[in-house]
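A.B. asks: Our numbering applies: residue 491 is where the sequence shown begins, and numbers increase by one. We put the CB at the ideal spot given by N, CA and C, even for glycine. Handing you this structure, nothing more for now.
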Amino acid sequence: MCRKNKLIMRVVLSELMTSYPKPLKRHELVLSGVAESDVDTVIDYLTQENYVSCDEQGQLILSSELEPGS
């Protein structure tokens, strides 16, 4: 994963941890100055690595392993 995407990944995970336990919808993760395709790439990676999951409503849910306080 390139350096730019690692930075985006940190921001996405930070947003998910900040909103915990409320899941975030994909459209809530539109980051200023970041292409949507880059955000999608990062979300795909996080999903493949089981850091997040996506429910039937398109909400991103933080893995229980990453939940704050665990």
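What's the gap between the Cα of Cys492 and the Cα of Glu526?
C.D. replies: Locating residue 492 in the sequence shown gives position 2, counting from the first residue. Locating residue 526 in the sequence shown gives position 36, counting from the first residue. Cα to Cα, Cys492 sits roughly 16 Å from Glu526.
A.B. asks: Smallest Cα separation from Gln549: which of Leu514, Leu556, Val532?
C.D. replies: Residue 549 sits at position 59 when you count from the first residue of the sequence shown. Of the listed residues, the one whose Cα sits closest to Gln549 is Leu514.
A.B. asks: Rounded C-beta distance between Tyr629 and Met499? I'm assuming under 8 Å.
C.D. replies: The question about residue 629 has no answer here: the residues shown for the chain are numbered 491 through 560.
A.B. asks: Since Arg542 sits in a beta bridge, which residues does DSSP pair it with?
C.D. replies: Sequence index remark: in the sequence shown, residue 542 carries index 52 (1-based). Correcting the residue type first, residue 542 is Val in the shown sequence and not Arg. Among the bridge pairs identified by DSSP, Val542 is matched with Leu552.
A.B. asks: Quick test of your reading: Leu521 and Val501, contact by CB under 8 Å. State the CB separation rounded to the nearest angstrom.
C.D. replies: One-based indexing of the sequence shown puts residue 521 at position 31. One-based indexing of the sequence shown puts residue 501 at position 11. Their Cβ separation, rounded to whole angstroms, is 6 Å, which keeps Leu521 and Val501 in contact under 8 Å.
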